[in-house]
Amino acid sequence: MTTSTSPPTADALPVPWRDESVMGFGMSVGGPAKVFRPQSVEEVAAAFGDVRRQGASLALRGAGCSYGDASTNRNGHVLDLTGMNSILSFDPATGVAECEPGVTVRDLWKRSIAHGYWPRVVSGTMQVSMGGAAAMNIHGKNNYRLGAFGEGVRSFELMTPKGELVRCSREQNADLFHAAIGGFGMLGCFTKLEIETKRVHSGRLRVWGIVAKDLDHNFEILEDLHGEADYLVSWVDLHATGASLGRGLMHRADQMKPGEDPDGLRFYDPALQDVPSTILGLVPKGWLWPGMWCAVKFGQVGLVNWLKFQAGFREERQSPYLQTHGAFHFLLDYVPRWQWMTKPGGLIQFQPFVPKAEGPQVLRRLIEICQRDGHVPYLGVLKKHKPDPFLMTHALDGYSMAMDICVSKNTSKRDSLWRTCREMADVVLDAGGRFYYAKDAVLMESSFSRLHGGDAVAQFRALKQRWDPEGMFQTDLSRRMGV
Amino acid sequence: MMRHGGRSDKRSDRGTRLELQSVAGPRLLANMSPRKGTCIVVGASSGIGLALARRLAQSQRKVAMLARREGELEAQAALINESLANEFAKAYVHDVADVDAAEGLFDRIEAELGDVDELHFVAGVMPEVGPDEFDLGKDRLQVQVNFLGAVAWCNAAARRFQARKRGCIVGVTSVAQDRGRIGRPVYNASKAGMDTYLEALRNRLWRVGVQVTTIRPGFVETPMTAGLRLKGAIPADKAAELILGARDGGKAIAYVPRKWRLIMFVIRNIPSFVFRKLSI
Numbered sequence: 368m369t370t371s372t373s374p375p376t377a378d379a380l381p382v383p384w385r386d387e388s389v390m391g392f393g394m395s396v397g398g399p400a401k402v403f404r405p406q407s408v409e410e411v412a413a414a415f416g417d418v419r420r421q422g423a424s425l426a427l428r429g430a431g432c433s434y435g436d437a438s439t440n441r442n443g444h445v446l447d448l449t450g451m452n453s454i455l456s457f458d459p460a461t462g463v464a465e466c467e468p469g470v471t472v473r474d475l476w477k478r479s480i481a482h483g484y485w486p487r488v489v490s491g492t493m494q495v496s497m498g499g500a501a502a503m504n505i506h507g508k509n510n511y512r513l514g515a516f517g518e519g520v521r522s523f524e525l526m527t528p529k530g531e532l533v534r535c536s537r538e539q540n541a542d543l544f545h546a547a548i549g550g551f552g553m554l555g556c557f558t559k560l561e562i563e564t565k566r567v568h569s570g571r572l573r574v575w576g577i578v579a580k581d582l583d584h585n586f587e588i589l590e591d592l593h594g595e596a597d598y599l600v601s602w603v604d605l606h607a608t609g610a611s612l613g614r615g616l617m618h619r620a621d622q623m624k625p626g627e628d629p630d631g632l633r634f635y636d637p638a639l640q641d642v643p644s645t646i647l648g649l650v651p652k653g654w655l656w657p658g659m660w661c662a663v664k665f666g667q668v669g670l671v672n673w674l675k676f677q678a679g680f681r682e683e684r685q686s687p688y689l690q691t692h693g694a695f696h697f698l699l700d701y702v703p704r705w706q707w708m709t710k711p712g713g714l715i716q717f718q719p720f721v722p723k724a725e726g727p728q729v730l731r732r733l734i735e736i737c738q739r740d741g742h743v744p745y746l747g748v749l750k751k752h753k754p755d756p757f758l759m760t761h762a763l764d765g766y767s768m769a770m771d772i773c774v775s776k777n778t779s780k781r782d783s784l785w786r787t788c789r790e791m792a793d794v795v796l797d798a799g800g801r802f803y804y805a806k807d808a809v810l811m812e813s814s815f816s817r818l819h820g821g822d823a824v825a826q827f828r829a830l831k832q833r834w835d836p837e838g839m840f841q842t843d844l845s846r847r848m849g850v
Numbered sequence: 627m628m629r630h631g632g633r634s635d636k637r638s639d640r641g642t643r644l645e646l647q648s649v650a651g652p653r654l655l656a657n658m659s660p661r662k663g664t665c666i667v668v669g670a671s672s673g674i675g676l677a678l679a680r681r682l683a684q685s686q687r688k689v690a691m692l693a694r695r696e697g698e699l700e701a702q703a704a705l706i707n708e709s710l711a712n713e714f715a716k717a718y719v720h721d722v723a724d725v726d727a728a729e730g731l732f733d734r735i736e737a738e739l740g741d742v743d744e745l746h747f748v749a750g751v752m753p754e755v756g757p758d759e760f761d762l763g764k765d766r767l768q769v770q771v772n773f774l775g776a777v778a779w780c781n782a783a784a785r786r787f788q789a790r791k792r793g794c795i796v797g798v799t800s801v802a803q804d805r806g807r808i809g810r811p812v813y814n815a816s817k818a819g820m821d822t823y824l825e826a827l828r829n830r831l832w833r834v835g836v837q838v839t840t841i842r843p844g845f846v847e848t849p850m851t852a853g854l855r856l857k858g859a860i861p862a863d864k865a866a867e868l869i870l871g872a873r874d875g876g877k878a879i880a881y882v883p884r885k886w887r888l889i890m891f892v893i894r895n896i897p898s899f900v901f902r903k904l905s906i
């Protein structure tokens with residue numbers, strides 16, 4: 368039996384939809400849509416009622432940080448939840464926060480670190496919203512240890528298309544709980560989430576930079592350290608070939624034990640955690656992307672990667688060093704608007720998840736395919752993962768390699784990139800691998816069952832039929848995958 | 627911009643030291659006591675008070691943390707002790723508006739943590755006040771907490787420190803005390819009252835070697851100022867660092883950060899008939 372509260376009666380309210388261009392974070396997919404930004408649960412219900420009356424489709428969108436089309440809905444309606452961004456409560460004794468869906472990771476850590484807590488799972492940017500993070504079940508650099516974002520969600524309230532609020536937790540409506548987390552906004556809209564944070568004993572982490580001379584060395588380090596390190600992530604230079612193919616710089620970070628870093632006490636001040644906004648106190652970082660744009664435009668990305676790799680040796684010599692949580696985690700926020708360097712075509716991210724046994728060989732094969740076809744990613748990030756109990760999970764016991772690739776405005780080059788990605792996707796799916804919808808832009812309908820397994824897909828479709836029988840929740844992603 | 631501001635700060639700071647020395651005698655106020663006794667921080671559950679408590683505990687001092695909100699206060703004291711793996715901080719739930727309780731609580735703290743030789747009074751309330759609002763309830767609370775509370779705690783400390791001929795009192799007022807402005811009449815007045823009281827206390831106590839330092843903070847990022855969008859606000863921890871620096875330097879009055887000395891010099895010297903027409 369479900370516990371649902373009666374729908375807020377706001378059916379008659381006119382909803383001011385606005386025509387806007389809604390794109391994925393990578394700026395390469397998306398299109399025009401009617402957008403509304405609700406401020407309250409009542410307004411969400413009113414928007415649902417309005418879309419149902421029109422028989423239209425609705426995409427749920429948080430901060431819009433999904434690289435691909437997970438929160439876009441060409442020529443449809445988009446509900447942008449960034450306006451519902453209050454932290455309703457934070458318990459300093461347990462570190463549990465009650466959040467509206469538009470609360471960002473930044474809002475959450477700003478509140479929690481002042482009390483000695485840090486979110487269990489954070490992404491490489493602090494811009495993402497709680498609703499979006501739960502819907503995509505995002506992971507961080509500690510996925511192999513603490514699992515995905517959903518493992519830190521205690522409970523949530525989900526609004527169904529009819530405007531009912533359904534409370535879900537591991538005990539209550541457990542099937543919906545495990546399907547809505549990672550359910551990419553297909554079952555309902557999170558209106559309130561109860562999120563756990565974890566205790567830290569300093570405002571800083573101890574960080575090591577470790578040079579990995581090739582791909583196998585990267586895997587070796589991951590396997591050696593995953594038992595003791597709290598965070599592991601490797602930047603990989605995907606331009607390197609031959610013996611140094613897959614070389615990179617691994618970052619390991621450990622939390623402090625009580626008493627280990629007395630000076631770290633003062634870094635609980637949220638103002639000391641923020642990523643610095645200037646370089647050397649002078650150059651605003653917002654101005655960096657044009658320089659990076661030039662590197663892309665004039666084909667010097669390989670050189671930039673080489674320089675970064677060489678700088679890794681220096682970092683290794685200076686390790687370990689102390690770094691605030693914010694500075695360690697939010698690398699993508701160091702250079703604001705960095706994605707603009709890929710203008711005008713934008714970028715896609717291709718992030719395959721590969722089982723442990725096949726990982727090294729499959730990922731090597733993918734790098735070779737990219738290099739063969741001339742679509743070398745300008746950035747590669749290798750992480751280790753563990754399975755989780757969510758129905759549509761992307762995580763597995765193995766590794767993932769995030770590959771950021773520039774997209775050309777030239778149609779034939781763009782098509783060639785999509786062909787390369789689909790060839791790589793086949794290699795991954797043949798090996799029993801998976802993909803992550805916050806990143807994907809290229810998979811096809813035929814991949815949906817291969818990716819999740821027939822049982823999971825049948826269960827998910829049954830839940831969709833039960834909670835959203837008219838198929839109101841749709842995105843460009845869900846249509847592409849034939850959900 | 628910032629560098630320029632920094633230079634003018636230094637100049638005005640030099641002026642201050644000279645002034646201080648001519649009034650109080652050479653370095654009389656500085657480093658009077660070996661800093662190892664218990665500290666009391668009133669208003670320690672958030673903002674500048676919390677940052678001060680953390681820095682004092684980190685320098686291995688016993689810290690009595692006082693604030694009204696029990697859950698927040700206990701959690702912050704526990705966090706300090708956990709992070710340092712040592713029992714430096716202790717929470718004492720106390721409502722500053724309850725001025726009669728100060729003496730008794732001071733005794734209890736000394737009984738539990740040992741002799742106090744440093745008091746930081748950081749508690750303060752700043753309710754939203756509309757331009758046409760004259761609400762005695764809000765005003766009374768500000769006088770009770772910001773002024774009477776400060777008098778109660780500083781009196782309690784002054785009596786003991788005077789008898790022992792050592793100790794240090796740091797009172798956090800505000801740059802808002804320098805002028806009466808249209809925005810918050812009683813906040814300005816309560817802080818001005820506290821500021822003048824601290825000056826009198828300083829003049830009484832320097833003769834027996836007890837230091838009284840007045841801190842006038844400018845824009846600081848704290849929960850109290852969270853809704854105000856203050857440009858150029860400094861982190862609370864930075865404010866705490868500057869306050870402890872002023873304590874160590876034996877300063878009589880310190881603006882935090884220092885550039886506010888210059889800003890307030892200008893604002894103080896705006897003639898009244900001009901000032902009343904401004905919106906600051």
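Those protein sequences? They're chains A and B, same order as listed. Counting from 1 along the first sequence, just add 367 to a position and that's the residue number in the working numbering. Counting from 1 along the second sequence, just add 626 to a position and that's the residue number in the working numbering. Quick reminder that beta carbons are idealized off the backbone N, C-alpha and C, glycines included. Fair warning: this is a prediction, and the values are worked out from it, not measured in the lab.
Taking DSSP as the reference, what is the three-state secondary structure of residue i?
i, result
"residue 728 of chain A", "helix"
"residue 656 of chain B", "Because the pLDDT at residue 656 of chain B is just 41, under 50, the model does not fix this residue reliably, and the point stays unresolved."
"residue 757 of chain A", "coil"
"residue 661 of chain A", "helix"
"residue 823 of chain B", "helix"
"residue 697 of chain B", "helix"
"residue 456 of chain A", "strand"
"residue 559 of chain A", "strand"
"residue 430 of chain A", "coil"
"residue 614 of chain A", "coil"
Quick check on residue i - is its C-beta less than 8 Å from some C-beta in chain B?
i, result
"residue 631 of chain A", "yes"
"residue 369 of chain A", "Here the model assigns residue 369 of chain A a pLDDT of 49, short of 50, so the residue's position is not dependable, and the following value carries that caveat. Cβ-Cβ to chain B under 8 Å: no for residue 369 of chain A."
"residue 475 of chain A", "no"
"residue 569 of chain A", "yes"
"residue 658 of chain A", "no"
"residue 471 of chain A", "no"
"residue 860 of chain A", "With chain A covering only 368 through 850, there is no way to say anything about residue 860 of chain A."
Which residue or residues does DSSP assign as beta-bridge partners of residue i?
i, result
"residue 843 of chain B", "B/882"
"residue 793 of chain A", "Paired residue(s): none; residue 793 of chain A is not in a bridge."
"residue 410 of chain A", "Paired residue(s): none; residue 410 of chain A is not in a bridge."
"residue 621 of chain A", "A/573"
Would you say residue i reaches chain A, if we count a Cβ-Cβ gap shorter than 8 Å as a contact?
i, result
"residue 680 of chain B", "yes"
"residue 874 of chain B", "no"
"residue 759 of chain B", "no"
"residue 853 of chain B", "no"
"residue 863 of chain B", "yes"
"residue 656 of chain B", "Unreliable placement is indicated for residue 656 of chain B, whose pLDDT of 41 sits below 50; the coordinate value is still reported in the next sentence. For residue 656 of chain B, the answer is no, since every Cβ of chain A falls outside 8 Å of its Cβ."
Using a Cβ-Cβ cutoff of less than 6 Å, which residues in the same chain neighbour residue i once the five nearest sequence positions on both sides are dropped?
i, result
"residue 744 of chain B", "665, 794"
"residue 787 of chain B", "793, 836"
"residue 881 of chain B", "842, 887"
"residue 653 of chain B", "Because residue 653 of chain B carries a pLDDT of 42, less than 50, the predicted location of this residue cannot be relied on, and the following value inherits that uncertainty. Closer than 6 Å at the Cβ level, and outside the excluded window around residue 653 of chain B, lies no residue."
How far does the alpha helix (DSSP H) with residue i in it reach, from first residue to last?
i, result
"residue 803 of chain A", "Counting along the chain, residue 803 of chain A falls outside any alpha helix (DSSP H), and DSSP gives it neither H nor E."
"residue 479 of chain A", "472-480"
"residue 676 of chain A", "668-684"
"residue 386 of chain A", "Looking at the DSSP string, residue 386 of chain A is not in any alpha helix (DSSP H); the run it does join, the beta strand (DSSP E), is 385-390."
"residue 869 of chain B", "862-874"
Identify the continuous beta strand (DSSP E) that holds residue i and give its terminal residues.
i, result
"residue 496 of chain A", "Residue 496 of chain A -> no beta strand (DSSP E), and no H or E assigned at all."
"residue 586 of chain A", "From DSSP, residue 586 of chain A is part of no beta strand (DSSP E) but of the alpha helix (DSSP H) over 582-592."
"residue 444 of chain A", "444-447"
With a CB to CB cut of under 7 Å and the five nearest residues on each side skipped, what residues in its chain are close to residue i?
i, result
"residue 856 of chain B", "845"
"residue 728 of chain B", "778, 779, 782"
"residue 621 of chain A", "572, 573, 596, 597"
"residue 865 of chain B", "674, 677, 843, 846, 882"
With a CB to CB cut of under 8 Å and the five nearest residues on each side skipped, what residues in its chain are close to residue i?
i, result
"residue 450 of chain A", "404, 405, 406, 469"
"residue 802 of chain B", "810, 813, 814, 817"
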